[in-house]
Every structure is written in C-alpha cells, then in structure tokens.
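**Q**
Numbering (the UniProt record's numbering), first residue to last: 1 to 213.
Here it is as structure tokens:
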C-alpha cells in the first residue's frame with residue numbers, strides 16, 4: 001500500500017512491532033502526529049466522562065496526555081505485548097487500562113465506548129496479505145463496541161479514494177466525514193506524507209458534531 005511509512009517492512013505483523021518496541025528506551029513513538037497535535041484534533045469530540053479506546057496504542061504518549069487533560073476513562077490496546085507492557089509502565093500511576101488485544105477481536109461488550117481513536121493503526125492493518133479481511137473485521141468490531149452517537153476517529157495517510165471503500169460499506173451504517181490536515185513532522189513522529197486525512201465516523205443517533213475547527 002503506497003501510503004504506508006515504509007514499503008520494506010510489514011507493519012501488519014506483530015513480530016515487526018515487538019522488535020521495534022523492544023529496542024525503544026524512554027522516547028515516545030508517535031505515528032503520523034505528535035500526541036499534542038492528535039489531542040487538538042480529537043478532544044472536541046470528548047466529554048469528561050467519555051469512555052475512550054485507543055486502538056493500537058503502541059508507545060504513543062496520547063493516552064497519558066488525555067489523562068492529564070482530565071479524560072480518565074481510558075482504555076489502550078495493542079497486539080504487541082511489548083508495547084502494552086512498556087505503555088503500562090510509562091503510565092506512572094495514571095489509571096489507564098492497558099490490554100493485549102487484536103483489533104479484529106475486541107473483548108468488550110457491544111456499545112462500550114463513546115470514542116475510538118485510530119492514529120495510523122488501520123494504515124498498518126492494511127499492509128498485510130490478508131489486509132482487506134482484517135480491515136473489515138477491525139472496522140466491524142469498532143462499530144460494535146461504539147455506543148450510539150459514538151465517534152470513530154481515524155487518522156491516516158490514505159486519501160479518500162483509498163480509504164472510503166473500507167469505511168463506507170453496507171455493514172457499517174455510520175456517517176463518514178473527511179478532513180484533510182497538514183502533517184507536522186517532529187523528532188518522534190513517523191510520517192512520510194505532507195498531508196494527513198482525518199475520518200470521523202459517527203454511529204447513528206440524534207446528536208451531530210462538526211469537524212470544522
């Protein structure tokens with residue numbers, strides 16, 4: 001897939017991430033956006049009591065930043081045991097739930113979360129040989145665990161012509177809106193594009209939010 005940070009490495013494989021995370025010391029590992037820039041994009045869709053799922057958290061500092069900003073109902077998952085262990089240790093007393101879990105099979109009851117955040121995770125899922133199947137399973141699980149009126153916020157390097165066919169299907173009856181933002185490279189940010197794409201998927205319900213900001 002031509003929008004991935006690297007064509008040489010299969011970012012859909014657990015072995016790649018375990019190896020990457022095992023070599024990292026105390027630095028954050030931010031994909032596409034810094035934690036601060038991601039926070040500015042996503043926090044308008046939160047309430048203090050929102051149940052928030054960070055889908056494929058890796059070693060991002062986003063959950064810690066959200067907690068420090070007053071959002072305390074946070075769950076972080078990743079299929080890399082190394083990432084989850086390190087992320088939990090870095091929480092340093094913050095009551096953030098960390099679990100090892102595959103995005104295609106979420107161990108949560110239906111309608112658990114108000115917001116699900118994806119910062120490059122779907123891009124990684126779409127790297128593998130079975131990418132379309134895994135992406136479909138991931139998105140159906142996200143839809144299932146979202147509460148009515150809940151938001152799936154997907155930050156991606158893929159433009160609409162490469163992403164909407166996955167997000168907008170008969171199996172996912174949510175409203176999908178798109179916003180293009182400028183990439184902001186930094187010392188701990190992995191990004192290979194000058195533009196990023198934010199997809200706001202809203203599970204049906206009476207409330208409506210705006211992407212304009």
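In this text, a Cβ means the ideal position worked out from N, Cα and C, and glycines have one as well.
Return helix, strand or coil for residue 67, following the three-state DSSP convention.
**A** Residue 67: helix per DSSP, three-state reduction.
**Q** Mind checking which residues open and close the alpha helix (DSSP H) that includes residue 132?
**A** 131–145 is the span of the alpha helix (DSSP H), which, as asked, contains residue 132.
**Q** Pull up the distance between the alpha-carbon of residue 186 and that of residue 45, whole angstroms please.
**A** One C-alpha to the other measures close to 25 Å.
**Q** Just the Cα atoms here: how many angstroms apart are residue 166 and residue 140?
**A** Distance between the alpha carbons of residue 166 and residue 140: 10 Å.
**Q** According to DSSP, simplified to helix, strand and coil, what is residue 50?
**A** Coil, per DSSP.
**Q** Report yes if the C-beta distance between residue 134 and residue 125 is below 7 Å; otherwise report no.
**A** Result yes, Cβ atoms of residue 134 and residue 125 sit closer than 7 Å.
**Q** I need the boundaries of the alpha helix (DSSP H) containing residue 84, first residue and last residue.
**A** Note, residue 84: alpha helix (DSSP H), 81–90.
**Q** Our contact map puts residue 118 next to residue 168 with C-beta atoms below 8 Å; I'd like the distance itself, whole angstroms only.
**A** Residue 118 to residue 168, Cβ: 16 Å. No contact.
**Q** Taking the C-alpha atoms as reference points, what is the distance between residue 92 and residue 170?
**A** Their Cα atoms are separated by approximately 43 Å.
**Q** Mind pulling the beta strand (DSSP E) runs of 3 or more residues that sit fully within the stretch 91–126?
**A** 97–100, 113–119, all fully within the stretch 91–126.
**Q** Please work out which residues of its chain come closer than 7 Å, Cβ to Cβ, to residue 213, disregarding the five sequence neighbours upstream and downstream, and give them in chain order.
**A** With a pLDDT of only 42 at residue 213, under 50, the local geometry of the prediction cannot be trusted, and the value read off the model is given with reservation. Same-chain partners within the cutoff: 44.
**Q** From what residue to what residue does the alpha helix (DSSP H) around residue 166 run?
**A** Residues 160–167.
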